[in-house]
Amino acid sequence: MKVAVLGAGVVGVATAYYLARDGHEVVLIERRAKAAEEASFGNGGLVSPSDSYAWASPDALRMALKSLYRSDLGIKYRLRLDPRLWVWSVQFLTQCTSAAAYRNTLVKLRLISYSKDCLNRLVEETGIDYDGRSQGILYYFRSKDGLKAASHHMGILRDQGLRIETVERDRMLELEPVMERAPEVAGGIYSPDCQTGDSHKFSNNLAEWCRTQKGATLFYDAPIRRLIVEGDRVVRVQTDRGEVAADAFVLAAGSESALIAGEIGVRLPIYPVKGFSITAPLTRPEAGPHMGLVDEDLLVAMSPFGGRLRAASSAVFAGYDYGHRPKDFRSIHAITETLYGDAVDQSRIVYWTGLRPMTPSSVPILGPSRYGNLFLNVGHGHVGWSMACGSGRFVADQIAGRQPEIDTDGLLAV
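Numbering (our numbering) for the sequence shown: 1 to 414.
Have a look at this one:
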């Protein structure tokens with residue numbers, strides 16, 4: 001069967017891999033000149049079951065209200081004359097109960113844990129490089145009270161079998177010596193079951209593997225204009241480089257998915273949430289992090305990519321706006337200068353802004369749509385890298401008519 005995958009971010013490329021492995025003729029369609037040039041380009045680099053918490057919760061509601069009048073928070077929600085934001089916000093409010101937050105968190109944890117296993121099997125099968133490390137992630141806190149509250153909060157994940165270790169300062173320095181440069185830190189939470197890696201490098205290497213090893217077609221520089229429908233099926237996709245016909249289609253176009261699907265009457269509860277990051281070479285790689293780090297007070301995530309450092313932050317509700325200003329990176333620079341100093345090559349920093357496709361529940365939308373041959377792999381939010389391989393395998397199983405390896409409850413689109 002010929003399958004067209006719409007979008008070559010990390011989710012789309014992972015989906016293409018599993019489809020090609022099943023023997024399908026795969027066409028990967030992407031509006032940029034190469035894979036993973038948007039949301040997958042500059043994320044925090046974390047593959048993290050410990051980040052399974054749903055955004056929608058009683059605490060998140062309080063944070064959103066606080067962000068209306070405070071500019072120093074990592075999450076910035078601003079009321080806009082945007083009907084999409086208003087509709088999404090109402091849907092978000094319905095998910096802000098304790099019961100809904102608990103349910104959505106467990107669904108995310110199930111998918112992310114499965115996805116991490118899929119990622120490791122995929123890398124073993126293909127041998128591709130993505131600067132991956134499996135040393136875990138350390139979340140650190142400036143106050144004892146913050147550490148205590150977070151340790152209690154992590155109990156949900158701990159109860160599900162995820163290894164979570166609350167660490168005092170001495171143990172934290174054993175795990176990550178660079179933390180000695182942050183004397184105000186009280187302690188941290190260490191999750192050894194987490195990993196780091198460069199999703200941009202992963203996506204491009206895997207896309208090329210699919211082309212050379214499985215004959216997949218990489219159709220780049222091809223912005224999607226519309227899906228052409230006949231009856232209850234999608235028959236072609238119209239791009240700036242011409243039309244592509246296929247037997248089945250997988251929509252995996254990140255935040256653009258809501259716009260593409262809306263044109264054919266498929267309403268997806270997705271709103272873009274803007275994030276920022278820097279990537280910089282390290283003049284002394286040994287001075288960089290050994291594992292993933294997250295400053296929980298400023299909401300800055302950091303990852304080692306070989307001889308490079310990635311640092312990412314912020315969640316800004318600003319519609320489909322990719323713009324950025326120097327002040328957007330202020331907290332990122334403050335953290336990296338404290339921890340790494342002159343080891344960061346300031347002359348070669350790459351600045352990035354990307355849009356994360358958030359659903360109100362924080363749970364992605366997977367599987368068949370109202371059209372019999374249009375499958376969805378959308379709405380992964382800020383943890384698309386963590387969910388990519390598991391989601392790709394899940395949707396490939398749906399297309400093949402196989403029962404997915406994990407429980408489908410809470411994940412299927414229809």
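Just so you know, even glycine gets a beta-carbon here, dropped at the ideal spot from N, CA and C. What you are looking at is a predicted structure, and each value in this text was computed from that prediction instead of being measured.
Report all residues from its chain with a CB closer than 7 Å to the CB of residue i; omit the five preceding and five following residues, and keep chain order.
i, result
"S115", "S386, M387, A388, C389, G390 and S391"
"A413", "I365, L366, G367, P368, S369 and L376"
"R31", "A222, P223 and I224"
"S331", "L298, V300 and S313"
"W88", "P269, Y271 and P360"
"A245", "V235 and R236"
Would you mind stating whether residue i and residue j have Cβ atoms separated by less than 8 Å?
i, j, result
"T279", "R325", "no"
"Q195", "G132", "yes"
"I264", "V237", "no"
"D240", "P223", "yes"
"S40", "G341", "no"
"N104", "Q95", "yes"
"T353", "G379", "no"
"A150", "A100", "no"
"I260", "P357", "no"
"R308", "L282", "yes"
"S203", "I137", "no"
"D345", "R110", "no"
"G197", "V47", "yes"
"A36", "H200", "yes"
"P58", "S113", "no"
"Y320", "S255", "yes"
Could you give the C-beta distance for residue i and residue j, rounded to a whole number, given that I count them as a contact under 8 Å?
i, j, result
"A216", "A400", "At roughly 16 Å, the Cβ-Cβ gap does not stay under 8 Å, so A216 and A400 are not in contact."
"Y140", "E296", "7 Å"
"V363", "K108", "6 Å"
"L162", "D193", "6 Å"
"G275", "H382", "7 Å"
"V395", "T126", "In fact, because the Cβ distance is near 19 Å, the residues do not count as touching under 8 Å."
Go ahead and pull the three-state DSSP assignment for residue i.
i, result
"K2", "strand"
"D295", "strand"
"I466", "Since the first and last residues shown for the chain are 1 and 414, residue 466 lies out of range."
"F394", "helix"
"S313", "strand"
"G288", "coil"
"K274", "strand"
"Q238", "strand"
"T217", "strand"
"W55", "coil"
"R163", "coil"
"Q346", "helix"
"G7", "coil"
"P357", "strand"
Please name the residue in the options whose C-alpha comes closest to that of residue i.
i, options, result
"A207", "G12, V167 and F317", "G12"
"G146", "G379, I189 and I264", "I189"
"A4", "Q238, E174, I29 and I349", "I29"
"C85", "Q403, L282, P272 and L374", "Reading off the sequence shown, one finds Leu at residue 85, where the question assumed Cys. For the residues Q403, L282, P272 and L374, the minimum Cα distance to L85 belongs to P272."
"M291", "L251, M172, D232 and S134", "S134"
"G23", "A312, E405, G7 and D397", "D397"
"G372", "V250, G197, R158 and S257", "V250"
"V300", "S361, H333 and V47", "H333"
"M179", "R80, A245 and T338", "T338"
"R393", "A36, V244 and R121", "R121"
"Y53", "L106, G44 and D82", "L106"
"G231", "L374, V27 and Y18", "L374"
Leaving aside the five residues before and after residue i along the sequence, list all residues of the same chain whose C-beta is less than 8 Å from its C-beta, in chain order.
i, result
"A420", "For the chain, the structure presents residues 1 to 414; residue 420 sits outside this window and is missing."
"R211", "T217 and L218"
"E243", "I228, R236 and V237"
Identify, in the order they occur along the chain, each residue of the same chain with its Cβ nearer than 6 Å to the Cβ of residue i, setting aside the five sequence neighbours on each side.
i, result
"P285", "G307"
"R169", "G187"
"K214", "A20"
"G42", "S277, W352 and G354"
"C118", "C389, G390 and R393"
Please decide whether residue i counts as near chain D, where near means a Cβ-Cβ distance under 8 Å.
i, result
"G354", "Looking for chain D here will not work: only one protein chain is present."
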